[in-house]
Amino acid sequence: MDEKFRTRLKEESKDKVFRLVFGRTVFIMLSVSIQILIWALFILWLQEYFVYFYAMIIFLSIVLVIHIANNDINPTYKLAWEFFVLAVPIFGSLFYVLIKIHPQINILKKRLATRIEETKIYLEQDTDILEELKQKNDELYGLTRYVSEHGGFPAYKNTKIEYFPQGEDKFERLLKELRKAKKFIFLEYYIVDEGIMWDSVLEILCEKVKEGVEVRFMYDGMCTLKLLPHNYPKKMEELGIKCKIFSPIRPVISTYQNNRDHRKICVIDGKVAFTGGVNLSDEYINVTHKFGHWKDTAVMLEGNAVKNFTIMFLQNWNITESQKEQYDKYIVESDTVANGYVLPYGDSPFDKENVGELVYMDILNNARDYVHIMSPYLVLDNEMMLCLEYAAKRGVDVKIILPHITDNPTEYKIARNLYPRLIERGVKIYEYTPGFVHAKTFVSDNKKAVVGTINMDYRSMYLNMECAVYMQDMEVVVDIEKDFNQTLQKCKEIDIEDCNKYSKIKQLIGKILWVISPLM
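For the sequence shown, the positions run 15 to 534 when the working numbering is used.
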(Lines of atoms letter the chains of each structure in order from A and count residues from 1; the text may use other names and numbers.)
(Lines give C-alpha, C1' and ligand atoms only; values in the text may rest on other atoms or scores of the structure.)
Protein backbone atom coordinates (compact mmCIF):
# COMPACT_ATOMS: atom_id res chain seq x y z
CA MET A 1 0.00 0.00 0.00
CA ASP A 2 2.81 2.43 0.92
CA GLU A 3 4.68 1.66 -2.32
CA LYS A 4 1.49 2.14 -4.39
CA PHE A 5 0.87 5.44 -2.64
CA ARG A 6 4.43 6.66 -3.27
CA THR A 7 4.14 5.69 -6.96
CA ARG A 8 0.85 7.51 -7.21
CA LEU A 9 2.28 10.65 -5.62
CA LYS A 10 5.14 10.64 -8.14
CA GLU A 11 2.71 10.24 -11.04
CA GLU A 12 0.43 12.99 -9.71
CA SER A 13 3.43 15.26 -9.18
CA LYS A 14 4.58 14.74 -12.79
CA ASP A 15 1.05 15.36 -14.05
CA LYS A 16 0.77 18.60 -12.07
CA VAL A 17 4.14 19.83 -13.30
CA PHE A 18 3.09 19.08 -16.88
CA ARG A 19 -0.22 20.88 -16.30
CA LEU A 20 1.56 23.83 -14.71
CA VAL A 21 4.13 24.21 -17.52
CA PHE A 22 1.91 23.50 -20.51
CA GLY A 23 -1.58 24.08 -19.14
CA ARG A 24 -4.07 26.78 -18.38
CA THR A 25 -1.96 28.57 -15.73
CA VAL A 26 0.85 29.44 -18.13
CA PHE A 27 -1.69 30.41 -20.80
CA ILE A 28 -3.44 32.81 -18.42
CA MET A 29 -0.18 34.34 -17.19
CA LEU A 30 1.05 34.75 -20.77
CA SER A 31 -2.25 36.32 -21.87
CA VAL A 32 -2.29 38.81 -19.00
CA SER A 33 1.39 39.65 -19.62
CA ILE A 34 0.61 40.39 -23.28
CA GLN A 35 -2.25 42.67 -22.21
CA ILE A 36 0.06 44.55 -19.82
CA LEU A 37 2.63 44.89 -22.60
CA ILE A 38 -0.02 46.30 -24.96
CA TRP A 39 -0.97 48.88 -22.33
CA ALA A 40 2.68 49.82 -21.86
CA LEU A 41 3.20 50.17 -25.63
CA PHE A 42 0.07 52.28 -25.86
CA ILE A 43 1.43 54.65 -23.20
CA LEU A 44 4.76 54.80 -25.02
CA TRP A 45 2.91 55.57 -28.26
CA LEU A 46 1.36 58.52 -26.46
CA GLN A 47 4.76 59.91 -25.45
CA GLU A 48 4.49 62.66 -28.06
CA TYR A 49 1.46 63.85 -26.16
CA PHE A 50 2.70 62.54 -22.81
CA VAL A 51 2.68 65.98 -21.12
CA TYR A 52 -1.04 66.37 -21.84
CA PHE A 53 -1.77 62.73 -20.98
CA TYR A 54 0.14 62.94 -17.70
CA ALA A 55 -1.60 66.22 -16.76
CA MET A 56 -4.94 64.53 -17.35
CA ILE A 57 -3.91 61.58 -15.17
CA ILE A 58 -2.73 63.88 -12.36
CA PHE A 59 -6.06 65.71 -12.49
CA LEU A 60 -7.88 62.36 -12.42
CA SER A 61 -5.80 61.15 -9.46
CA ILE A 62 -6.64 64.31 -7.46
CA VAL A 63 -10.35 63.83 -8.20
CA LEU A 64 -10.13 60.17 -7.19
CA VAL A 65 -8.32 60.94 -3.92
CA ILE A 66 -11.09 63.40 -3.00
CA HIS A 67 -13.68 60.79 -3.99
CA ILE A 68 -11.97 58.04 -1.98
CA ALA A 69 -11.62 60.28 1.09
CA ASN A 70 -15.39 60.85 1.06
CA ASN A 71 -16.29 57.23 0.29
CA ASP A 72 -18.09 55.01 2.79
CA ILE A 73 -15.29 52.43 3.20
CA ASN A 74 -12.85 51.42 5.91
CA PRO A 75 -10.29 54.20 6.65
CA THR A 76 -7.39 51.77 6.19
CA TYR A 77 -8.69 50.99 2.72
CA LYS A 78 -8.92 54.70 2.00
CA LEU A 79 -5.31 55.24 3.03
CA ALA A 80 -4.08 52.32 0.91
CA TRP A 81 -5.97 53.45 -2.17
CA GLU A 82 -4.90 57.08 -1.77
CA PHE A 83 -1.27 56.02 -1.41
CA PHE A 84 -1.53 53.76 -4.48
CA VAL A 85 -3.22 56.40 -6.64
CA LEU A 86 -0.74 59.14 -5.68
CA ALA A 87 2.41 56.98 -5.72
CA VAL A 88 1.78 55.50 -9.18
CA PRO A 89 -0.89 57.79 -10.66
CA ILE A 90 -1.07 56.27 -14.15
CA PHE A 91 -1.51 52.66 -13.08
CA GLY A 92 -3.19 53.42 -9.73
CA SER A 93 -5.86 55.75 -11.14
CA LEU A 94 -6.72 53.52 -14.09
CA PHE A 95 -6.84 50.44 -11.85
CA TYR A 96 -9.22 52.12 -9.40
CA VAL A 97 -11.52 53.23 -12.21
CA LEU A 98 -11.44 49.70 -13.65
CA ILE A 99 -12.55 48.25 -10.31
CA LYS A 100 -15.43 50.65 -9.86
CA ILE A 101 -16.91 50.37 -13.34
CA HIS A 102 -16.32 46.68 -13.95
CA PRO A 103 -19.67 45.39 -15.29
CA GLN A 104 -19.20 41.76 -14.21
CA ILE A 105 -18.99 42.73 -10.53
CA ASN A 106 -22.19 44.76 -10.78
CA ILE A 107 -23.96 41.89 -12.56
CA LEU A 108 -22.79 39.45 -9.86
CA LYS A 109 -24.04 41.78 -7.11
CA LYS A 110 -27.48 42.06 -8.70
CA ARG A 111 -27.81 38.32 -9.24
CA LEU A 112 -26.78 37.50 -5.67
CA ALA A 113 -29.15 40.18 -4.33
CA THR A 114 -31.97 38.53 -6.28
CA ARG A 115 -31.18 35.11 -4.80
CA ILE A 116 -30.98 36.56 -1.29
CA GLU A 117 -34.38 38.21 -1.77
CA GLU A 118 -35.85 34.91 -3.01
CA THR A 119 -34.63 33.04 0.08
CA LYS A 120 -35.58 35.56 2.78
CA ILE A 121 -38.75 33.63 3.54
CA TYR A 122 -36.65 30.62 4.60
CA LEU A 123 -34.32 32.62 6.85
CA GLU A 124 -36.70 34.53 9.08
CA GLN A 125 -35.61 34.84 12.69
CA ASP A 126 -37.80 32.96 15.18
CA THR A 127 -39.30 35.77 17.30
CA ASP A 128 -39.62 33.47 20.33
CA ILE A 129 -35.84 32.93 20.33
CA LEU A 130 -35.25 36.66 19.92
CA GLU A 131 -37.59 37.47 22.83
CA GLU A 132 -35.95 34.79 24.98
CA LEU A 133 -32.51 36.29 24.29
CA LYS A 134 -33.80 39.77 25.05
CA GLN A 135 -34.87 38.60 28.49
CA LYS A 136 -31.86 36.39 29.28
CA ASN A 137 -28.84 37.53 27.27
CA ASP A 138 -28.42 41.12 26.09
CA GLU A 139 -25.09 40.41 24.36
CA LEU A 140 -26.36 37.57 22.18
CA TYR A 141 -29.65 39.37 21.59
CA GLY A 142 -27.80 42.30 20.02
CA LEU A 143 -25.54 40.05 17.92
CA THR A 144 -28.49 37.95 16.75
CA ARG A 145 -30.46 41.03 15.72
CA TYR A 146 -27.50 42.36 13.76
CA VAL A 147 -26.68 39.11 11.92
CA SER A 148 -30.32 38.23 11.16
CA GLU A 149 -31.35 41.74 10.03
CA HIS A 150 -28.15 42.85 8.26
CA GLY A 151 -26.36 39.58 7.47
CA GLY A 152 -29.47 37.63 6.51
CA PHE A 153 -28.99 34.56 8.76
CA PRO A 154 -31.03 33.73 11.91
CA ALA A 155 -30.02 32.04 15.16
CA TYR A 156 -31.43 28.69 16.29
CA LYS A 157 -31.85 26.42 19.28
CA ASN A 158 -31.93 22.60 19.19
CA THR A 159 -28.84 22.02 17.10
CA LYS A 160 -26.05 19.62 18.04
CA ILE A 161 -22.47 20.52 17.17
CA GLU A 162 -19.51 18.16 17.01
CA TYR A 163 -16.01 19.67 16.94
CA PHE A 164 -13.10 18.15 15.01
CA PRO A 165 -9.64 19.25 16.22
CA GLN A 166 -7.88 17.82 13.15
CA GLY A 167 -8.66 17.53 9.47
CA GLU A 168 -8.29 13.76 9.77
CA ASP A 169 -11.15 13.68 12.30
CA LYS A 170 -13.45 15.66 10.02
CA PHE A 171 -12.53 13.49 7.03
CA GLU A 172 -13.42 10.26 8.83
CA ARG A 173 -16.80 11.63 9.96
CA LEU A 174 -17.53 13.21 6.58
CA LEU A 175 -17.18 9.85 4.81
CA LYS A 176 -19.46 8.23 7.38
CA GLU A 177 -22.18 10.87 6.94
CA LEU A 178 -21.92 10.89 3.13
CA ARG A 179 -22.65 7.17 3.10
CA LYS A 180 -25.94 7.88 4.93
CA ALA A 181 -27.23 10.32 2.27
CA LYS A 182 -30.70 9.52 0.90
CA LYS A 183 -31.85 12.66 -0.95
CA PHE A 184 -29.13 15.20 -1.72
CA ILE A 185 -25.52 16.22 -1.11
CA PHE A 186 -24.26 19.80 -1.56
CA LEU A 187 -20.49 20.46 -1.63
CA GLU A 188 -18.92 23.93 -1.85
CA TYR A 189 -15.14 24.16 -1.36
CA TYR A 190 -12.34 26.62 -2.03
CA ILE A 191 -9.67 23.97 -2.73
CA VAL A 192 -10.21 20.52 -4.24
CA ASP A 193 -7.23 18.44 -5.32
CA GLU A 194 -7.08 14.90 -6.62
CA GLY A 195 -5.63 12.54 -4.04
CA ILE A 196 -6.57 10.23 -1.18
CA MET A 197 -9.06 12.64 0.39
CA TRP A 198 -10.96 13.77 -2.69
CA ASP A 199 -10.86 10.34 -4.35
CA SER A 200 -12.44 8.79 -1.23
CA VAL A 201 -15.22 11.41 -1.24
CA LEU A 202 -15.74 11.11 -5.00
CA GLU A 203 -16.08 7.34 -4.78
CA ILE A 204 -18.98 7.72 -2.35
CA LEU A 205 -20.57 10.49 -4.43
CA CYS A 206 -20.58 8.22 -7.48
CA GLU A 207 -22.21 5.44 -5.45
CA LYS A 208 -24.85 7.86 -4.19
CA VAL A 209 -25.64 9.13 -7.69
CA LYS A 210 -26.37 5.54 -8.74
CA GLU A 211 -28.75 5.29 -5.75
CA GLY A 212 -30.68 8.32 -7.00
CA VAL A 213 -29.18 10.90 -4.62
CA GLU A 214 -28.84 14.40 -6.11
CA VAL A 215 -25.23 15.59 -5.86
CA ARG A 216 -24.16 19.18 -6.50
CA PHE A 217 -20.49 20.13 -6.34
CA MET A 218 -19.11 23.67 -6.60
CA TYR A 219 -15.48 24.74 -6.25
CA ASP A 220 -13.61 28.01 -6.60
CA GLY A 221 -12.01 28.96 -9.90
CA MET A 222 -8.53 29.13 -8.33
CA CYS A 223 -8.48 25.32 -8.52
CA THR A 224 -8.28 25.51 -12.30
CA LEU A 225 -4.89 27.24 -12.15
CA LYS A 226 -2.86 24.28 -10.89
CA LEU A 227 -5.08 21.69 -9.16
CA LEU A 228 -7.90 20.53 -11.42
CA PRO A 229 -8.20 20.39 -15.24
CA HIS A 230 -10.29 23.20 -16.74
CA ASN A 231 -12.80 20.64 -18.10
CA TYR A 232 -13.32 19.00 -14.69
CA PRO A 233 -17.03 20.01 -14.48
CA LYS A 234 -17.66 18.07 -17.70
CA LYS A 235 -15.98 15.01 -16.16
CA MET A 236 -18.20 15.34 -13.09
CA GLU A 237 -21.34 15.68 -15.23
CA GLU A 238 -20.41 12.45 -17.00
CA LEU A 239 -20.42 10.78 -13.55
CA GLY A 240 -23.89 12.19 -12.85
CA ILE A 241 -22.64 14.94 -10.50
CA LYS A 242 -23.87 18.48 -11.13
CA CYS A 243 -20.77 20.67 -11.05
CA LYS A 244 -19.93 24.38 -11.24
CA ILE A 245 -16.87 26.59 -10.96
CA PHE A 246 -17.33 29.77 -8.93
CA SER A 247 -15.77 32.72 -10.79
CA PRO A 248 -13.57 30.86 -13.31
CA ILE A 249 -10.11 32.37 -13.84
CA ARG A 250 -10.02 33.97 -17.28
CA PRO A 251 -7.01 35.24 -19.26
CA VAL A 252 -7.98 38.93 -19.04
CA ILE A 253 -7.05 41.81 -16.76
CA SER A 254 -10.10 41.95 -14.52
CA THR A 255 -10.89 42.81 -10.91
CA TYR A 256 -13.93 40.50 -11.14
CA GLN A 257 -11.56 37.62 -10.38
CA ASN A 258 -10.40 39.17 -7.10
CA ASN A 259 -13.44 37.94 -5.14
CA ARG A 260 -13.10 34.23 -4.37
CA ASP A 261 -15.42 31.64 -2.81
CA HIS A 262 -13.42 30.71 0.30
CA ARG A 263 -16.27 28.75 1.90
CA LYS A 264 -16.09 25.09 2.90
CA ILE A 265 -19.59 23.65 3.10
CA CYS A 266 -21.06 20.18 2.93
CA VAL A 267 -24.81 19.69 3.45
CA ILE A 268 -26.33 16.21 3.53
CA ASP A 269 -30.11 15.76 3.18
CA GLY A 270 -30.65 19.11 4.93
CA LYS A 271 -30.02 17.29 8.23
CA VAL A 272 -26.25 17.56 8.63
CA ALA A 273 -23.76 20.27 7.64
CA PHE A 274 -19.98 20.60 7.87
CA THR A 275 -17.85 23.74 7.80
CA GLY A 276 -14.45 24.93 9.05
CA GLY A 277 -11.00 25.32 7.58
CA VAL A 278 -10.64 21.86 6.03
CA ASN A 279 -10.65 21.70 2.22
CA LEU A 280 -10.70 18.54 0.07
CA SER A 281 -6.97 18.05 -0.39
CA ASP A 282 -4.41 15.68 1.14
CA GLU A 283 -2.39 18.24 3.12
CA TYR A 284 -5.51 18.92 5.22
CA ILE A 285 -5.43 15.36 6.54
CA ASN A 286 -1.61 15.22 6.78
CA VAL A 287 -1.19 12.64 4.01
CA THR A 288 1.23 15.12 2.44
CA HIS A 289 3.38 17.56 4.43
CA LYS A 290 4.02 20.73 2.46
CA PHE A 291 4.41 22.90 5.56
CA GLY A 292 5.05 20.45 8.38
CA HIS A 293 2.08 19.23 10.42
CA TRP A 294 -1.17 20.81 9.22
CA LYS A 295 -3.35 21.90 12.14
CA ASP A 296 -6.96 22.52 11.15
CA THR A 297 -10.43 22.43 12.67
CA ALA A 298 -14.03 21.84 11.59
CA VAL A 299 -17.52 21.35 13.00
CA MET A 300 -20.56 19.27 12.12
CA LEU A 301 -24.07 20.61 12.75
CA GLU A 302 -27.15 18.45 13.16
CA GLY A 303 -30.51 20.12 13.65
CA ASN A 304 -32.45 23.27 12.76
CA ALA A 305 -29.40 25.47 12.07
CA VAL A 306 -28.39 23.34 9.07
CA LYS A 307 -31.01 25.30 7.13
CA ASN A 308 -28.69 28.33 6.98
CA PHE A 309 -26.00 26.33 5.18
CA THR A 310 -28.53 24.76 2.80
CA ILE A 311 -29.77 28.19 1.71
CA MET A 312 -26.24 29.66 1.70
CA PHE A 313 -25.16 27.00 -0.79
CA LEU A 314 -28.23 27.44 -2.99
CA GLN A 315 -27.79 31.22 -3.09
CA ASN A 316 -24.29 30.83 -4.52
CA TRP A 317 -25.19 27.95 -6.80
CA ASN A 318 -28.04 29.90 -8.41
CA ILE A 319 -26.06 33.07 -9.15
CA THR A 320 -25.59 31.78 -12.70
CA GLU A 321 -29.08 30.26 -13.06
CA SER A 322 -31.94 31.96 -14.88
CA GLN A 323 -34.74 29.82 -13.44
CA LYS A 324 -35.90 30.10 -9.84
CA GLU A 325 -34.79 27.26 -7.56
CA GLN A 326 -37.32 24.97 -5.87
CA TYR A 327 -35.97 25.79 -2.42
CA ASP A 328 -38.77 24.08 -0.50
CA LYS A 329 -37.67 20.57 -1.48
CA TYR A 330 -34.33 21.07 0.30
CA ILE A 331 -35.66 22.54 3.56
CA VAL A 332 -35.92 20.01 6.37
CA GLU A 333 -37.48 20.54 9.80
CA SER A 334 -35.52 18.75 12.52
CA ASP A 335 -36.66 17.13 15.75
CA THR A 336 -33.15 17.35 17.30
CA VAL A 337 -33.09 18.50 20.92
CA ALA A 338 -30.02 20.32 22.25
CA ASN A 339 -29.00 23.11 24.61
CA GLY A 340 -27.61 26.49 23.68
CA TYR A 341 -27.79 28.76 20.66
CA VAL A 342 -26.30 28.33 17.20
CA LEU A 343 -25.85 31.06 14.60
CA PRO A 344 -24.44 29.94 11.23
CA TYR A 345 -23.71 32.92 8.98
CA GLY A 346 -22.18 33.84 5.68
CA ASP A 347 -20.24 36.91 4.60
CA SER A 348 -20.11 38.41 1.13
CA PRO A 349 -17.92 41.10 -0.45
CA PHE A 350 -20.91 42.30 -2.47
CA ASP A 351 -22.61 44.24 0.31
CA LYS A 352 -21.50 46.83 2.86
CA GLU A 353 -21.68 44.50 5.87
CA ASN A 354 -18.43 43.00 7.22
CA VAL A 355 -20.27 40.35 9.21
CA GLY A 356 -17.24 38.13 9.78
CA GLU A 357 -15.12 40.89 11.27
CA LEU A 358 -17.95 42.32 13.38
CA VAL A 359 -18.75 38.95 14.97
CA TYR A 360 -15.08 38.64 15.98
CA MET A 361 -15.16 42.18 17.37
CA ASP A 362 -18.34 41.43 19.33
CA ILE A 363 -16.57 38.53 21.07
CA LEU A 364 -13.53 40.67 21.88
CA ASN A 365 -15.57 43.60 23.18
CA ASN A 366 -17.76 41.45 25.44
CA ALA A 367 -15.07 39.09 26.77
CA ARG A 368 -14.47 39.03 30.53
CA ASP A 369 -11.80 36.38 31.14
CA TYR A 370 -10.22 35.27 27.88
CA VAL A 371 -10.34 35.24 24.09
CA HIS A 372 -8.25 32.51 22.44
CA ILE A 373 -7.73 32.64 18.68
CA MET A 374 -6.23 30.41 16.00
CA SER A 375 -5.62 31.87 12.55
CA PRO A 376 -3.19 31.23 9.68
CA TYR A 377 -2.78 34.95 8.96
CA LEU A 378 -2.75 38.24 10.85
CA VAL A 379 -3.27 41.17 8.49
CA LEU A 380 -5.59 43.51 10.40
CA ASP A 381 -7.28 46.85 9.95
CA ASN A 382 -6.94 49.46 12.67
CA GLU A 383 -10.37 48.69 14.17
CA MET A 384 -9.51 45.05 14.77
CA MET A 385 -6.12 46.01 16.19
CA LEU A 386 -7.82 48.35 18.66
CA CYS A 387 -10.32 45.65 19.69
CA LEU A 388 -7.53 43.16 20.42
CA GLU A 389 -5.51 45.76 22.32
CA TYR A 390 -8.48 47.10 24.30
CA ALA A 391 -9.48 43.59 25.38
CA ALA A 392 -5.91 42.93 26.59
CA LYS A 393 -5.77 46.28 28.39
CA ARG A 394 -9.03 45.45 30.18
CA GLY A 395 -7.32 42.39 31.65
CA VAL A 396 -8.74 39.85 29.21
CA ASP A 397 -6.31 37.03 28.40
CA VAL A 398 -5.91 37.45 24.62
CA LYS A 399 -3.84 34.73 22.99
CA ILE A 400 -3.35 34.16 19.24
CA ILE A 401 -1.83 31.01 17.74
CA LEU A 402 -0.28 31.50 14.29
CA PRO A 403 1.86 29.26 12.05
CA HIS A 404 5.60 28.93 12.48
CA ILE A 405 5.91 27.47 8.97
CA THR A 406 3.88 29.65 6.62
CA ASP A 407 2.31 28.98 3.23
CA ASN A 408 2.29 32.71 2.45
CA PRO A 409 5.61 34.53 3.12
CA THR A 410 4.09 37.89 2.14
CA GLU A 411 1.31 37.77 4.74
CA TYR A 412 3.73 36.36 7.32
CA LYS A 413 6.01 39.40 6.91
CA ILE A 414 3.02 41.71 7.41
CA ALA A 415 2.00 39.77 10.53
CA ARG A 416 5.53 40.02 11.94
CA ASN A 417 5.29 43.78 11.42
CA LEU A 418 2.25 43.81 13.76
CA TYR A 419 3.73 41.54 16.45
CA PRO A 420 5.64 44.24 18.43
CA ARG A 421 2.67 46.60 18.71
CA LEU A 422 0.29 43.84 19.83
CA ILE A 423 2.76 42.32 22.30
CA GLU A 424 3.56 45.70 23.87
CA ARG A 425 -0.15 46.23 24.48
CA GLY A 426 -0.67 42.88 26.18
CA VAL A 427 -1.73 40.53 23.37
CA LYS A 428 0.14 37.23 23.56
CA ILE A 429 1.40 35.80 20.26
CA TYR A 430 2.34 32.14 19.77
CA GLU A 431 3.66 30.24 16.77
CA TYR A 432 2.83 26.58 16.16
CA THR A 433 6.29 25.01 15.86
CA PRO A 434 5.33 21.63 14.26
CA GLY A 435 4.10 23.38 11.12
CA PHE A 436 1.14 25.30 9.75
CA VAL A 437 -2.05 26.41 11.50
CA HIS A 438 -4.98 26.71 9.10
CA ALA A 439 -7.72 26.77 11.75
CA LYS A 440 -10.00 29.78 12.09
CA THR A 441 -11.37 29.66 15.63
CA PHE A 442 -12.37 32.08 18.38
CA VAL A 443 -13.29 30.84 21.85
CA SER A 444 -14.13 33.01 24.86
CA ASP A 445 -14.95 32.59 28.55
CA ASN A 446 -15.95 28.89 28.24
CA LYS A 447 -19.18 30.34 26.89
CA LYS A 448 -18.97 31.22 23.21
CA ALA A 449 -16.98 30.19 20.15
CA VAL A 450 -16.72 30.58 16.38
CA VAL A 451 -15.42 27.99 13.92
CA GLY A 452 -15.44 28.72 10.22
CA THR A 453 -13.50 29.82 7.16
CA ILE A 454 -12.81 33.44 8.12
CA ASN A 455 -9.12 34.31 8.48
CA MET A 456 -7.81 37.32 10.36
CA ASP A 457 -6.90 39.18 7.17
CA TYR A 458 -8.35 41.64 4.64
CA ARG A 459 -9.06 39.01 2.03
CA SER A 460 -11.37 37.03 4.32
CA MET A 461 -12.98 40.03 5.96
CA TYR A 462 -13.50 42.18 2.86
CA LEU A 463 -12.94 40.32 -0.44
CA ASN A 464 -14.05 36.67 -0.20
CA MET A 465 -17.25 34.68 0.21
CA GLU A 466 -16.94 33.23 3.73
CA CYS A 467 -18.95 31.34 6.36
CA ALA A 468 -18.77 30.35 10.02
CA VAL A 469 -20.76 29.10 13.01
CA TYR A 470 -21.20 31.08 16.22
CA MET A 471 -22.18 28.93 19.20
CA GLN A 472 -23.02 29.85 22.78
CA ASP A 473 -23.88 28.04 26.02
CA MET A 474 -23.00 24.65 24.53
CA GLU A 475 -20.74 21.87 25.80
CA VAL A 476 -18.77 21.92 22.54
CA VAL A 477 -17.27 25.29 23.53
CA VAL A 478 -15.33 23.52 26.27
CA ASP A 479 -14.00 21.06 23.65
CA ILE A 480 -12.75 23.95 21.53
CA GLU A 481 -10.99 25.58 24.48
CA LYS A 482 -9.44 22.24 25.46
CA ASP A 483 -8.07 21.86 21.92
CA PHE A 484 -6.66 25.39 22.02
CA ASN A 485 -4.75 24.64 25.23
CA GLN A 486 -3.43 21.35 23.86
CA THR A 487 -2.27 23.13 20.70
CA LEU A 488 -0.65 25.81 22.85
CA GLN A 489 1.64 23.16 24.35
CA LYS A 490 3.24 22.78 20.89
CA CYS A 491 3.78 26.51 20.42
CA LYS A 492 6.53 29.01 21.14
CA GLU A 493 5.53 32.36 22.65
CA ILE A 494 6.93 35.30 20.71
CA ASP A 495 8.33 38.17 22.80
CA ILE A 496 9.86 41.54 21.95
CA GLU A 497 13.34 40.02 21.92
CA ASP A 498 12.21 37.59 19.20
CA CYS A 499 10.76 40.51 17.26
CA ASN A 500 14.06 42.39 17.46
CA LYS A 501 15.98 39.35 16.19
CA TYR A 502 13.78 39.09 13.11
CA SER A 503 15.63 40.03 9.89
CA LYS A 504 15.87 43.82 9.47
CA ILE A 505 15.33 43.47 5.74
CA LYS A 506 12.19 41.41 6.30
CA GLN A 507 11.01 43.95 8.87
CA LEU A 508 11.41 46.69 6.26
CA ILE A 509 9.57 44.63 3.65
CA GLY A 510 6.78 44.02 6.17
CA LYS A 511 6.41 47.76 6.83
CA ILE A 512 6.20 48.50 3.10
CA LEU A 513 3.72 45.69 2.47
CA TRP A 514 1.60 46.85 5.42
CA VAL A 515 0.83 50.12 3.61
CA ILE A 516 -0.77 48.34 0.66
CA SER A 517 -2.01 45.22 2.52
CA PRO A 518 -5.73 46.12 2.12
CA LEU A 519 -5.29 45.87 -1.67
CA MET A 520 -3.52 42.50 -1.70
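Quick reminder that beta carbons are idealized off the backbone N, C-alpha and C, glycines included. A quick note: this is a predicted structure, and the numbers were derived from the prediction, not measured.
Residues near residue i by beta carbon distance below 7 Å, same chain, minus five either side
i, result
"residue 487", "353, 354, 355 and 461"
"residue 122", "333 and 364"
"residue 469", "389, 390, 391 and 454"
"residue 319", "170, 173, 356 and 358"
"residue 369", "161, 165, 359 and 361"
"residue 452", "291, 308, 309, 310 and 390"
"residue 406", "412, 439, 440 and 441"
"residue 218", "189, 192 and 193"
"residue 381", "405, 410, 458 and 459"
For residue i, three-class secondary structure by DSSP
i, result
"residue 447", "coil"
"residue 286", "strand"
"residue 458", "strand"
"residue 303", "coil"
"residue 327", "helix"
"residue 209", "coil"
"residue 392", "strand"
"residue 373", "helix"
"residue 500", "helix"
"residue 484", "strand"
"residue 408", "coil"
"residue 231", "strand"
"residue 386", "strand"
"residue 225", "coil"
"residue 524", "helix"
Distance between beta carbons of residue j and residue i, contact taken as under 8 Å
i, j, result
"residue 300", "residue 221", "Their Cβ separation, rounded to whole angstroms, is 26 Å, which puts residue 300 and residue 221 out of contact at 8 Å."
"residue 431", "residue 525", "6 Å"
"residue 373", "residue 490", "Actually they do not touch by this definition, with Cβ atoms about 17 Å apart."
"residue 225", "residue 313", "Actually they do not touch by this definition, with Cβ atoms about 27 Å apart."
"residue 509", "residue 437", "7 Å"
"residue 248", "residue 331", "With 8 Å as the limit, residue 248 and residue 331 do not qualify as a contact, their Cβ atoms being about 18 Å apart."
"residue 471", "residue 425", "6 Å"
8 Å Cβ shell around residue i - same chain, five flanking residues per side excluded
i, result
"residue 341", "132, 133, 136, 325 and 328"
"residue 449", "303, 305, 306, 307, 308, 309, 417, 418 and 419"
"residue 99", "75, 78, 79, 82, 106, 107 and 110"
Distance CB(residue i)-CB(residue j) smaller than 7 Å
i, j, result
"residue 358", "residue 323", "yes"
"residue 229", "residue 205", "no"
"residue 350", "residue 316", "yes"
"residue 346", "residue 285", "yes"
"residue 164", "residue 480", "no"
"residue 154", "residue 144", "no"
"residue 74", "residue 107", "yes"
"residue 386", "residue 498", "yes"
"residue 274", "residue 478", "yes"
"residue 393", "residue 428", "yes"
"residue 117", "residue 71", "no"
"residue 513", "residue 446", "no"
Span separating the alpha-carbon of residue i from that of residue j
i, j, result
"residue 302", "residue 184", "17 Å"
"residue 528", "residue 519", "14 Å"
"residue 36", "residue 239", "Reliability fails at residue 36, whose pLDDT of 45 lies under 50, so the model's placement of it is uncertain and the value that follows must be treated cautiously. If I take the Cα positions, the gap works out to 11 Å."
"residue 402", "residue 454", "16 Å"
"residue 459", "residue 383", "6 Å"
"residue 192", "residue 282", "7 Å"
"residue 293", "residue 482", "14 Å"
"residue 169", "residue 207", "34 Å"
"residue 174", "residue 91", "39 Å"
"residue 435", "residue 210", "42 Å"
"residue 179", "residue 82", "43 Å"
"residue 87", "residue 395", "12 Å"
"residue 530", "residue 79", "15 Å"
"residue 280", "residue 94", "36 Å"
"residue 343", "residue 138", "18 Å"
"residue 189", "residue 243", "24 Å"
"residue 533", "residue 149", "43 Å"
"residue 32", "residue 241", "With a pLDDT of 47 at residue 32, under the threshold of 50, the modelled position of that residue is not reliable, and the figure given next carries that caveat. C-alpha separation (whole angstroms): 12 Å."
"residue 127", "residue 288", "25 Å"
"residue 522", "residue 421", "20 Å"
"residue 237", "residue 278", "14 Å"
"residue 23", "residue 297", "At residue 23, the pLDDT of 45 sits below 50, so the modelled position is not reliable and the matter cannot be decided from this model."
"residue 336", "residue 444", "49 Å"
"residue 502", "residue 252", "46 Å"
"residue 504", "residue 321", "37 Å"
"residue 485", "residue 466", "11 Å"
"residue 216", "residue 473", "30 Å"
Contacts around residue i, its chain only, beta-carbon distance under 6 Å, and the 5 residues preceding and following it disregarded
i, result
"residue 254", "223"
"residue 338", "none"
"residue 233", "203 and 206"
"residue 515", "none"
"residue 517", "none"
"residue 348", "317 and 318"
"residue 201", "231 and 280"
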